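Quick note on numbering: the sequence shown equals residues 946 to 1085 in the working numbering.
For glycine and all other residues, C-beta sits at the position ideal for the given N, C-alpha and C.
Since the structure is predicted, the reported quantities are computational estimates derived from the model, not experimental observations.
Everything below concerns the one structure shown next.
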Amino acid sequence: MATMTKDATVSVRLTAREKSGLDTDARMKGIPSGTAAAGYIAEGVRRSRFPAIEFRDGQPGRVAYLVGSRWPVWMIVELVRELDGNLAEAVKLIRKPAALVRMALAYADAYPQEIKDSAALASRRDYAGMKQEIPELEQL
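Here is the structure:
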């Protein structure tokens, strides 16, 4: 969830405790507090549209996951693609209600570049991808 386009300014009021927490989080991530706040607002807007999606720290940046699962949205998209669009089979494998899986797919349709970037990063993390970056790597 990293790309932002044209910026717009919004003023928000936070309690001192919320501001302190935001500042601490931003400092840990090495980004300005305003950037962290903008990211959380963007996530909140997306969550209001797609309540079955949650965001977790990962690569690249914050990653969309199916709520209450270990399934990143990009992986659900890949699974459905590998199953030739067989949603019923994907639901069985994911072990989550079909409505949640459909919402993950709808999220992917709404944010295709984000999903593409996450999937591309993951593909570089398999053995072949890592071997290109670390030639001395050996498979056991």
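Are there 16 or more other CB atoms within 10 angstroms of the CB of residue i, so buried, or fewer, so exposed?
{"i": "S1063", "result": "buried"}
{"i": "I986", "result": "exposed"}
{"i": "I976", "result": "exposed"}
{"i": "V957", "result": "exposed"}
{"i": "G984", "result": "buried"}
{"i": "V1046", "result": "buried"}
{"i": "R991", "result": "buried"}
{"i": "A1053", "result": "buried"}
{"i": "L1011", "result": "buried"}
{"i": "A1043", "result": "exposed"}
{"i": "A1033", "result": "exposed"}
Would you kindly work out how many angstroms separate the C-alpha atoms of residue i and residue j, rounded to a whole number?
{"i": "G979", "j": "A953", "result": "12 Å"}
{"i": "L1024", "j": "A1067", "result": "14 Å"}
{"i": "E963", "j": "G989", "result": "16 Å"}
{"i": "L1085", "j": "Y1072", "result": "11 Å"}
{"i": "L959", "j": "G1013", "result": "28 Å"}
{"i": "L967", "j": "E1083", "result": "42 Å"}
{"i": "K1076", "j": "R1069", "result": "9 Å"}
{"i": "K1041", "j": "M973", "result": "34 Å"}
{"i": "K1037", "j": "G1030", "result": "13 Å"}
{"i": "V955", "j": "E999", "result": "23 Å"}
{"i": "Q1058", "j": "A1051", "result": "13 Å"}
{"i": "E1027", "j": "A1049", "result": "16 Å"}
{"i": "A1065", "j": "K951", "result": "25 Å"}
I think residue i touches residue j, with their Cβ atoms under 8 Å apart; what is that distance to the nearest whole Å?
{"i": "W1019", "j": "I1079", "result": "Their Cβ separation, rounded to whole angstroms, is 23 Å, which puts W1019 and I1079 out of contact at 8 Å."}
{"i": "R1007", "j": "R1001", "result": "7 Å"}
{"i": "A1009", "j": "P1017", "result": "7 Å"}
{"i": "A961", "j": "D970", "result": "In fact, because the Cβ distance is near 15 Å, the residues do not count as touching under 8 Å."}
Legend entry - Complete beta strand (DSSP E) runs within the region 999-1033 (minimum length 3 residues, chain order): For the region 999-1033, whole beta strand (DSSP E) runs of length 3 or above, ordered along the chain, are 1006-1011.
Inset, instruction - Mind listing, in chain order, the continuous alpha helix (DSSP H) runs of no fewer than 4 residues lying wholly within the region 1044-1082? - result: 1057-1068 and 1072-1078
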